[in-house]
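Take a look at the structure below.
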Amino acid sequence: MSQKTWGGRFTGSTDSRVEAFTESISFDRRLYRHDIIGSQAHATMLAEVGLLTAAEATQIVTALDEIGADIEADKMEFTISLEDIHTHIEKALIAKLGDTGRKLHTGRSRNDQVVTDLKLWTRDAIDELDTLLLDLQKAFVESAEREHGVVIPGYTHLQRAQPVLAAHYFLAYTEKFQRDRERFRDCRTRLNVLPLGAAALAGTSLPIDRESVRAKLGFDSVARNSLDVSSDRDFALEFVFTLSLVATHLSGWAEEWVIWSTTEFNFLDLPDAFCTGSSIMPHKKNPDVLELTRGKSGRVIGALQQLFVLVKGLPLAYNRDLQEDKTAIFDAFDTVAGCLAVAAPLVRQTKLRREVIASRLDAGFLDATTLMESLIARGVPMRSAHEVVGNLVRECEQRKCRLADLPDAMFPAPEVKASLGVTNALSAFKSYGSTAPAEVTKQLAEWKNRLGI
Ligand code: ARG
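The sequence shown begins at 878 in this note's numbering and counts up by one.
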């Protein structure tokens, strides 16, 4: 008899090249825990509806625990001839229990099984990511607190724009990662619909109880349409999209800090523990962790493209193409989790070079926009005020001086000079969400409260 679970209608054995080509055990073995939990819920339900005896279900649940422990202890021998993790576990069960083991797959198919496993896995992955993202947010909030009161130049087009508080800067990243956490939460809610029981594609004529399995596995509801179930990888796309956005946020931040750590900027004191040297240039301290964080975003975004291309032309219902989803999902998760794990300590251990930053705040006309606004506040039309200040800046460039160094007579109202200088410019801010010191202090307190710091 063939050792394949589907061997009944075959007379010849599978070509070994086909086994190597079609296997997924090399990567889907990491689903084993979720496969076992799903099978235990399924077996327990089968006993509830009379398709197994209570004793059989108990035997299956116990044997599955033992199989899980064997895999955990590296005792299971994996072989491509058993294709995937589902078959390995079922075969191990049959080896232990004989005919009782041969009853487990009643009323289900690997098609609904694999997507159930993957949803259970993704749920856990999202929970892990939430912990990592929360820790990174805490690192940014701690930096905001440590560097509170420090003024840094804010940029647009990477050109000096207006002064901002360092705390405002760190909290900007806290916001981005908050939206990512919310996206994951949203993805988790939408995916939390039980696939199992859709069987191969059409459901089953056996009296299964999907509601019972739903409750056992912690799903919020049961998938309504069996035909939709095994082809649905929307959740995987949403998950990897959100991972791509996290990777993109990390990449932008990493790029900024690569620039800030150059001799030209010299804004940051990066920790030795998160930098590497050069094998030929003895003086080098390179920001490799930041560079790899930037670079690895390509892998994650690539995984998203891979998934889109994978599913875009698939007719209903299950197609074997779908086996290819896992490498993309796993790699995107591993990559982002790896980036997050080093990002948080790197943020915590990096200090701003306050003196260097302060010594250059006079450059770049960071106070020009506040000067313009003080003219507007005195009734000068916005476009006229813009022109007046533009002319003053041109004058400064010729004289190689700051706005504050121009003679009083050059200003339409000499009092507006009180808004000049970075400190004055910064304290002039008022609007909600701005870098106004009082606003930033409030936001910082709210974040500490929100994140439980
Ligand atoms: N190894 C397969 C996968 O990952 C399991 C499902 C196989 N189903 C089937 N009808 N051949 O997608």
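Note that the Cβ used here is the ideal one computed from N, Cα and C, for glycine as well.
Just so we're clear, the structure is a prediction, and the values are computed from it rather than from any experiment.
Length of the line joining the Cα atoms of residue i and residue j
| i | j | result |
| --- | --- | --- |
| residue 895 | residue 935 | 37 angstroms |
| residue 878 | residue 972 | Reliability fails at residue 878, whose pLDDT of 49 lies under 50, so the model's placement of it is uncertain and no value is given. |
| residue 1273 | residue 1239 | 12 angstroms |
| residue 1269 | residue 1161 | 42 angstroms |
| residue 944 | residue 1009 | 30 angstroms |
| residue 1070 | residue 1109 | 11 angstroms |
| residue 1120 | residue 937 | 37 angstroms |
| residue 1187 | residue 1140 | 45 angstroms |
| residue 1031 | residue 1244 | 11 angstroms |
| residue 1230 | residue 1091 | 55 angstroms |
| residue 997 | residue 952 | 24 angstroms |
| residue 1258 | residue 1250 | 10 angstroms |
| residue 1083 | residue 928 | 8 angstroms |
| residue 979 | residue 1000 | 29 angstroms |
| residue 1159 | residue 958 | 53 angstroms |
| residue 1039 | residue 1046 | 12 angstroms |
| residue 946 | residue 1060 | 34 angstroms |
| residue 948 | residue 909 | 8 angstroms |
| residue 1034 | residue 1157 | 34 angstroms |
| residue 1180 | residue 1019 | 33 angstroms |
| residue 994 | residue 903 | 16 angstroms |
| residue 1183 | residue 1205 | 7 angstroms |
| residue 898 | residue 1199 | 14 angstroms |
| residue 1143 | residue 1007 | 33 angstroms |
| residue 918 | residue 976 | 19 angstroms |
Heavy atom of ligand 1 within 7 angstroms of residue i beta-carbon
| i | result |
| --- | --- |
| residue 1320 | no |
| residue 987 | yes |
| residue 1199 | yes |
| residue 901 | yes |
| residue 961 | yes |
| residue 991 | yes |
| residue 1109 | no |
| residue 912 | no |
| residue 857 | Since the first residue shown for the chain is 878 and the last is 1330, residue 857 is missing from the structure and cannot be characterised. |
| residue 1208 | no |
| residue 1195 | yes |
| residue 905 | yes |
Cβ-based neighbour list, residue i, same chain, cut-off 6 angstroms, excluding 5 preceding and 5 following
| i | result |
| --- | --- |
| residue 1165 | 1153 |
| residue 1307 | 1313 |
| residue 1097 | 1069 |
| residue 1176 | 1212 |
| residue 964 | 882 |
| residue 984 | 1081, 1083 and 1085 |
| residue 1104 | 1078, 1193 and 1194 |
Cross-strand partners of residue i (DSSP beta bridge)
| i | result |
| --- | --- |
| residue 1029 | 1041 |
| residue 869 | This structure cannot speak to residue 869, because the chain is shown only from 878 to 1330. |
| residue 1036 | 1033 |
| residue 1145 | 1229 |
| residue 1163 | 1153 |
Alpha helix (DSSP H) segment containing residue i, residue limits
| i | result |
| --- | --- |
| residue 1268 | 1259 to 1276 |
| residue 891 | That residue, residue 891, is in no alpha helix (DSSP H); it is neither H nor E in DSSP. |
| residue 1015 | 987 to 1023 |
| residue 910 | 909 to 925 |
| residue 1196 | That residue, residue 1196, is in no alpha helix (DSSP H); it is neither H nor E in DSSP. |
| residue 1138 | No alpha helix (DSSP H) holds residue 1138; DSSP gives it neither H nor E. |
| residue 1293 | Run containing residue 1293: none; DSSP gives neither H nor E here. |
| residue 1249 | 1245 to 1254 |
Same chain only: Cβ atoms within 7 angstroms of residue i, ignoring 5 sequence neighbours per side
| i | result |
| --- | --- |
| residue 967 | 882, 981 and 982 |
| residue 840 | The first residue shown for the chain is 878 and the last is 1330, placing residue 840 beyond what the model contains. |
| residue 1304 | 1314 |
| residue 869 | Residue 869 lies beyond the residue range present for the chain, which begins at 878 and ends at 1330; the question has no answer from this structure. |
| residue 1220 | 1013, 1127 and 1170 |
Any C-beta of chain C under 8 angstroms from that of residue i
| i | result |
| --- | --- |
| residue 1067 | The chain inventory of the structure shown lacks chain C, comprising one protein chain alone. |
Cβ shell of residue i (< 8 angstroms), same chain only, five flanking positions each side left out
| i | result |
| --- | --- |
| residue 1265 | 1249, 1252, 1257 and 1289 |
| residue 1054 | 1010, 1013, 1014, 1017, 1123 and 1126 |
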